[in-house]
Amino acid sequence: MSINNLASFFAVILMLALISCNSSNKLLEEVSPTESGINFKNEIEDTEALSILDYMYFYNGGGVAVGDINNDGLDDIYFISNQDENKLYLNKGNLKFEDITSVANVGGRSDWNTGVSMVDINNDGWLDIYVCAVTGINGFKGYNELFINQQDGTFKEQAKDFGLAIQNYSVSPAFFDYDKDGDLDIYLLNHGIHSSQSYTNIQKNNAYSEMSSDKLFRNEDGFFKDVSDEVNLVMDRVGYGLAVSISDLNQDGWDDIYVSNDFFEGDLLYINKQDGTFEESSKEFLSHTSQFSMGNDIVDINHDGFPEIFSLDMLPEKEEILKSSTLDFSLNLLNLKRSLGYLDQFPRNHLQYNTGKNKFLEIAQFCGISATDWSWSALFNDLNLDGYQDLFVSNGIYRRPNDADYIKYVSSEQIQTKMNLTKLIDNEALAKMPSGSMPNYIFEGSKDLIFVDQSNDWTNSESTISNGLAMADFDLDGDIDVVLNNFNATASLYKNNARENNNNNYLNLSFEGDSLNPFGIGVKSTVYSSNKAHYKQLHITRGFQSSMPPVLYFGLGEESIDSLKVQWPNGHEKLYKRLTVNQHLKIKYESTSPRIKKGSTEKKSFKKTIVKGLNYTYKENNFPEFNREKLMPYGITTEGPGVAVADLNKDGVSDFFIGGAKGQLATLFISSENGYIKQTKFFEAHKQHEDVDAIFVDVDNDADLDLFVVSGGGEYKINSQYLKDRIYLNNGNGNFSIANDYLPDYRSNGSVVAINDVNQDGLLDIFIGTRGVSGDFAAATQAYLLINTGFNFTLSYQSFLTDLGMLTDAFFIDFDHDGDEDLWLVAEWSKGRMFQNNEGTFREVTNQFFIDQPIGLWQSTAPFDIDKDGDIDLIVGNVGLNTKFSASDKYPLKMYKIDVDQNNDDETLLAIAKDGIYYPFEDKDKLQEQLQRFIRKKFNTYKEFAGKSMQNVFGRKVLKNAIQYEVSELRSGFFENTKNGYRFIPFENQLQWGPLRTMEVTNINGLDQLFVAGTKVDLPPFQGVWDSQPPMIITALDKIMWASEYGINYFHNHIGALKQLKDKDIDQLLVVPHNAESKLYKFTP
17 MSINNLASFF AVILMLALIS CNSSNKLLEE VSPTESGINF KNEIEDTEAL SILDYMYFYN
77 GGGVAVGDIN NDGLDDIYFI SNQDENKLYL NKGNLKFEDI TSVANVGGRS DWNTGVSMVD
137 INNDGWLDIY VCAVTGINGF KGYNELFINQ QDGTFKEQAK DFGLAIQNYS VSPAFFDYDK
197 DGDLDIYLLN HGIHSSQSYT NIQKNNAYSE MSSDKLFRNE DGFFKDVSDE VNLVMDRVGY
257 GLAVSISDLN QDGWDDIYVS NDFFEGDLLY INKQDGTFEE SSKEFLSHTS QFSMGNDIVD
317 INHDGFPEIF SLDMLPEKEE ILKSSTLDFS LNLLNLKRSL GYLDQFPRNH LQYNTGKNKF
377 LEIAQFCGIS ATDWSWSALF NDLNLDGYQD LFVSNGIYRR PNDADYIKYV SSEQIQTKMN
437 LTKLIDNEAL AKMPSGSMPN YIFEGSKDLI FVDQSNDWTN SESTISNGLA MADFDLDGDI
497 DVVLNNFNAT ASLYKNNARE NNNNNYLNLS FEGDSLNPFG IGVKSTVYSS NKAHYKQLHI
557 TRGFQSSMPP VLYFGLGEES IDSLKVQWPN GHEKLYKRLT VNQHLKIKYE STSPRIKKGS
617 TEKKSFKKTI VKGLNYTYKE NNFPEFNREK LMPYGITTEG PGVAVADLNK DGVSDFFIGG
677 AKGQLATLFI SSENGYIKQT KFFEAHKQHE DVDAIFVDVD NDADLDLFVV SGGGEYKINS
737 QYLKDRIYLN NGNGNFSIAN DYLPDYRSNG SVVAINDVNQ DGLLDIFIGT RGVSGDFAAA
797 TQAYLLINTG FNFTLSYQSF LTDLGMLTDA FFIDFDHDGD EDLWLVAEWS KGRMFQNNEG
857 TFREVTNQFF IDQPIGLWQS TAPFDIDKDG DIDLIVGNVG LNTKFSASDK YPLKMYKIDV
917 DQNNDDETLL AIAKDGIYYP FEDKDKLQEQ LQRFIRKKFN TYKEFAGKSM QNVFGRKVLK
977 NAIQYEVSEL RSGFFENTKN GYRFIPFENQ LQWGPLRTME VTNINGLDQL FVAGTKVDLP
1037 PFQGVWDSQP PMIITALDKI MWASEYGINY FHNHIGALKQ LKDKDIDQLL VVPHNAESKL
1097 YKFTP
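First residue of the sequence shown: 17, per the numbering used here; consecutive thereafter.
As structure tokens, this is what we get:
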């Protein structure tokens, strides 16, 4: 190479290096205050006169609003200062801002400011600023201020002129047209206050408060009138509102309201009734919410056109903070709240998946976004422009008032006395609160709804205390930049480098509405690209105390735009085609656009049938098993009912038996011309049994079907008479009587029954699986094989029946095609196990015929050819991925059984891996309930316990001597039948949102299908409930549908049984839920 060429080569290399230095590898690059000109700081200081000990929301911080206040195309920023002057920064371009607060006259005069929105309140095409304030407590003076844009860079405070000079505990305004009269109304979110006595009686807190209860103001020609009572807001609660969002949640064309409430009051979901009123519908739409709900956001994350709801809480991810915080509550308190009519609340973030059926399924744990510590604001937007919504969470608190050691300190009688007599103790109490400074969280979204924590990779992850959060394209390069209002620190501005770092496309939309709504608040837009439909609705109040600019931001990946549909709030819509990517497009309202025509694409194959005599509800008894075994990871006492189906009277219509829970009569339903005749007299003597499984079988070989019922339920001790299984003999006319002499005297906590002629003598034999030992979770159990002699049953004493684990399901199948049926079993804390039948003798062959068998918490199983290759696969239901558990081959979920404190009673110790280290699953208080002396002696404070591994807590010797169980797989799936053996394949994600506990193989209209259902509610409060897996219909691997698509609408229900029935030539499905009416669905082709 010549000297000249060499010089040119190095010049190019140098130029490329300089370019790379100027282009940040981080997606979000912080812009320094010296570069941006933004030096705002929300400064708060604890004083003797005012601190969090006086005002519980003292550390909540301030909001931030973004919008173009001078119509120059650049978005400006307004910061809230709680105690000092608010600040307005004018965007000068290139991420340079100028403080124009004094000139604009928008600093504000209230003593304590909270939330803010930029909105065109007077419909002149210029954004105004509405600021919320807290007044009337702690000496706070002032009122909510409305700064009207004078269109010359200045504003005039005119709240009184508009009826909005509100004086109460205001947090955040939300502007929307609730009554569809064209103009914008206001939902005003307020927060409550409480004393130390608030929790003594929940009902006493249900009182209206002029200062705390939320308000709705109707816009009447520019003046806002309080119509809260007229529109049916919940007026009998002291609200603890922290966030409000507006969205058309049920897609009926009318905007609804979601309110995040702190503490016990619960979140509120107001459905717009289209008549000027709302109906609070949280219980109808949701099954549970966050316990301490903070910021929220509503956005469609899965491209189906129905928006999801995300609410934040305070659950820490890090062990050191998690185990030193007070978040959990007792089962007794949970049951009390349920008895008082409250919706369940659990202390973690909640992502409510919108089913489009007026029901939401909570899947935050599945998505990986349930624990983000003390979080304030949540905003979804496509930060990297790949076509999927990412999530930014602002985080941190100045001091942690829920620190367990602090709470223990201030709760002591001595300190309480001092605090009541003098404030001198305040400084000492404040010093006990640890700092809560934390990095913010940034999650990358994906098509499978799994969010990946990119906090360290996408930005410089530094500990801060960030409250208000907003996003906008401040530099007009197409991607979305981020601004944060920090607590006692300078505000943060992040430049988004997506456009510099990748080739993804975007489309940003703003709107020019009619004269009453110039910015088009409430408009819906759907961008169609490739196979995606990107849906968004324009509402500016989002996150926490903050507002976004009236712009919709769409990331498209590398795809182009097929079309754009815009739906205006009044029902007009227009379709735009031939649009180019990478532009900011302004859509103008056209009154000639056609109105939306509603249509239904719902396909229903099943229709609920009202059958006389069917009215039946399986009522699960409430047994306090966690009081008996405080460390058991989940309950085992809600396993029923046993349901058996047969045509007993040979009329071509299925009859069926439904077993009872403890204290409930079992019932036999016999078909007749006028519906079903219920018969219970046969079972009256066994009302105290819990019937967990049942089957019709001809045990006496007299050509009619008798009834075998398995007793269990986990409540009775192992020698109880109520754990005896039963045979009811059929006399040939449908009359049944107990056959006391047919069964040997064994007693067990049964779980499943399966029948087969195992020794091929022409008589059906019976296998009974057992679930566990009452009061001794996971203890070794004995299963039973009953051999039919023709006169009675005798026990088989084959060795394989001992210690099969916590069996949940079983069936016989001739897997080796040798003419006799083998036995397939599934259990919790176990592999699925296959036992080969050789002339009635069983031998385990699992390792020979299964490839890399995972250990699961298997709940159910069924034989079904799911891959349609002509052989039978083994379907297995697990608990799914929407739990606090985690498990893998490398880091399985672990459970130890050992008598730690040597009191002749084994403890159940659950361990979970984080970053390769195993920690106790339970916190100090829960472990101490069971191991009082052991834990107290070793750990005097919560701080000493927090972050300690299993080995640190219990010692290597204890763990080594314990019986150890493991789980490496939590997903449901199937064992594919291949020529080389059975291989586990997990189901797709929509079948991993909860446990699959019930399965039924059906043939409906000649088509083989598998119905599956789940839900488990008998869990400790810290676990919540596993109720987000709706019933599904599986026809093949590529044909998995929600049962609701076919008219079987069950969400949140604990489905105890699914059974196919026949009404002559008509196929039916019987659904038996817990604590709800059983229903019969008829197939209608």
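We treat Cβ as the ideally placed atom computed from N, Cα and C, and that holds for glycine.
Could you round the C-beta distance between D329 and S306 to whole angstroms and report it? I think they count as a contact, below 8 angstroms. Here residue 329 refers to the residue found at position 313 when the sequence shown is read from its first residue. Here residue 306 refers to the residue found at position 290 when the sequence shown is read from its first residue. Right, their Cβ atoms sit about 4 angstroms apart.
Assign N956 to buried or exposed, taking buried as 16 or more other Cβ atoms, counted over all protein chains shown, within 10 Å of its Cβ. Here residue 956 corresponds to residue number 940 of the sequence shown, with the count starting at 1. Exposed, by the Cβ-count rule.
Take F796 as the anchor and find which of I803, L802, N804 and T786 has the nearest alpha-carbon. Counting from 1 along the sequence shown, the entry for residue 796 is found at position 780. The residue you asked about is not Phe; residue 796 is Ala in the sequence shown. The candidate whose alpha carbon is nearest that of A796 is T786.
For the alpha helix (DSSP H) holding I423, just list the boundary residues, first then last. As a position in the sequence shown, residue 423 is number 407, starting the count at 1. Run containing I423: A420 to S427, per the alpha helix (DSSP H) assignment.
Between the region 366-381 and the region 1032-1039, do at least 3 Cβ pairs fall closer than 8 angstroms? no
K103 beta carbon less than 9 angstroms from that of G123: By one-based count along the sequence shown, residue 123 stands at place 107. By one-based count along the sequence shown, residue 103 stands at place 87. Going by C-beta atoms, G123 is nearer than 9 angstroms to K103.
Following the continuous alpha helix (DSSP H) through Y958, name the residue where it begins and the one where it ends. In the sequence shown, the residue the question calls residue 958 occupies position 942. Y958 to F961 is the span of the alpha helix (DSSP H), which, as asked, contains Y958.
Based on Cα-Cα distance, which residue from L580, T388, N370 and G357 lies nearest to P363? By one-based count along the sequence shown, residue 363 stands at place 347. Nearest option by C-alpha distance: T388.
Do N312 and A394 count as a contact pair if the criterion is CB distance below 9 angstroms? Here residue 394 corresponds to residue number 378 of the sequence shown, with the count starting at 1. Here residue 312 corresponds to residue number 296 of the sequence shown, with the count starting at 1. Yes. Within cutoff.
With a 10 Å radius around its C-beta and 16 neighbouring C-beta atoms as the bar for buried, classify T480 as buried or exposed. Position 464 of the sequence shown holds residue 480. Flag for T480 reads buried.
Is it right to say N638 is buried, meaning 16 or more other beta carbons lie within 10 angstroms of its own, or is it exposed? Within the sequence shown, residue 638 is the residue found at index 622, counting from 1. So N638 ends up on the exposed side.
Buried or exposed: which applies to N217, given that a residue is buried once 16 or more other Cβ atoms fall within 10 Å of its Cβ? Numbered from its first residue, the sequence shown carries residue 217 at position 201. Its pLDDT being 44, under 50, N217 is placed unreliably by the model, and the measurement read from it follows with that caveat. N217 is exposed by the Cβ-count criterion.
Would you say the region 535-543 touches the region 190-197, given that touching needs at least three Cβ pairs under 8 angstroms? yes
So what's D1081 in DSSP terms, helix, strand or just coil? Translated into positions along the sequence shown, residue 1081 becomes position 1065. Reduced to three states, the DSSP call for D1081 is coil.
Counting Cβ pairs, one atom from each stretch, are 3 or more of them under 8 angstroms apart for the region 987-1001 and the region 883-900? yes
Could you say if the region 451-464 and the region 398-407 meet the contact criterion of at least three C-beta pairs nearer than 8 angstroms? yes
For the beta strand (DSSP E) that M966 lies in, which residues bound it at each end? In the sequence shown, residue 966 corresponds to position 950, counting from 1. Taken as a continuous stretch (DSSP letters only), M966 belongs to no beta strand (DSSP E), being part of the alpha helix (DSSP H) at M966 to F970.
Alpha-carbon to alpha-carbon, Q918 and R949: Reading the sequence shown from its first residue, position 933 is the one you call residue 949. Reading the sequence shown from its first residue, position 902 is the one you call residue 918. Taking the straight line from one Cα to the other gives about 11 angstroms.
Less than 9 angstroms between the beta carbons of G806 and L779, yes or no? The residue labelled residue 806 in the question sits at position 790 within the sequence shown. The residue labelled residue 779 in the question sits at position 763 within the sequence shown. Yes, these two residues count as a Cβ contact at 9 angstroms.
Segment contact, 8 angstroms Cβ cut-off, at least three pairs: the region 159-179 with the region 522-534: no
Which class does A380 belong to by DSSP, given the choice of helix, strand or coil? As a working mapping, residue 380 is identified with position 364 in the sequence shown. It is helical.
Counting Cβ pairs closer than 8 angstroms, one from the region 555-570 and one from the region 636-656, do we hit at least three? no
By alpha-carbon positions, which one of N513, T506 and M487 ends up nearest to D493? Here residue 493 corresponds to residue number 477 of the sequence shown, with the count starting at 1. Taking only the C-alpha atoms, the option nearest D493 is N513.
If we call anything under 9 angstroms between Cβ atoms a contact, is F970 one with V916? Walking along the sequence shown from the start, residue 970 turns up at place 954. Walking along the sequence shown from the start, residue 916 turns up at place 900. Cβ distance < 9 angstroms, so F970 and V916 count as in contact.
I believe L509 touches V47 by the beta-carbon criterion, under 8 angstroms. Please report the beta-carbon distance rounded to the nearest angstrom. Here residue 509 refers to the residue found at position 493 of the sequence shown. Here residue 47 refers to the residue found at position 31 of the sequence shown. About 5 angstroms; that satisfies the 8 angstroms criterion.
Going straight from the alpha carbon of K241 to that of L249, what length do you get? The residue given as residue 241 occupies position 225 in the sequence shown. The residue given as residue 249 occupies position 233 in the sequence shown. Near 14 angstroms, if we compare the C-alpha coordinates of L249 and K241.
Could you tell me which residues DSSP puts in a beta bridge with S846? Residue numbering aside, residue 846 sits at position 830 when the sequence shown is read from its first letter. Note: S846 sits in a beta bridge opposite G872.
Are there 16 or more other CB atoms within 10 angstroms of the CB of H833, so buried, or fewer, so exposed? Taking the first residue of the sequence shown as 1, we reach residue 833 at position 817. Burial call: exposed.
How is I337 classed by DSSP in three states: helix, strand or coil? One-based indexing of the sequence shown puts residue 337 at position 321. I337: helix per DSSP, three-state reduction.
Applying the criterion that 16 or more other CB atoms from any shown protein chain within 10 Å of the CB defines a buried residue, is P640 buried or exposed? By 1-based counting over the sequence shown, the position of residue 640 is 624. Under this definition P640 is an exposed residue.
Please state if the CB of T633 and the CB of E1093 are separated by a distance shorter than 9 angstroms. In the sequence shown, counting from the first residue as 1, residue 1093 sits at position 1077. In the sequence shown, counting from the first residue as 1, residue 633 sits at position 617. Going by C-beta atoms, E1093 is nearer than 9 angstroms to T633.
Does DSSP put N443 in a helix, in a strand, or in coil? In the sequence shown, residue 443 corresponds to position 427, counting from 1. N443: helix per DSSP, three-state reduction.
Please give the ranges of any beta strand (DSSP E) in the region 34-87, keeping only runs that are unbroken, at least 3 residues long and fully inside the region. 44-47 and 80-83
Which residue wins for smallest C-alpha separation from Q864, given the options K623, D885 and F831? One-based indexing of the sequence shown puts residue 864 at position 848. Residue F831 is the option with its Cα nearest to Q864.
Pop quiz: Y274 and D264 are said to be a contact at Cβ under 8 angstroms. What is the actual Cβ separation, rounded to whole angstroms? Counting from 1 along the sequence shown, the entry for residue 274 is found at position 258. Counting from 1 along the sequence shown, the entry for residue 264 is found at position 248. That belief does not hold up - the Cβ atoms of Y274 and D264 are roughly 11 angstroms apart, past 8 angstroms.
Exposed or buried, E938, counting other C-beta atoms within 10 Å across all chains shown (16 or more means buried)? For this step, residue 938 is matched to residue 922 along the sequence shown. It is buried - the Cβ of E938 has at least 16 other Cβ atoms within 10 Å.
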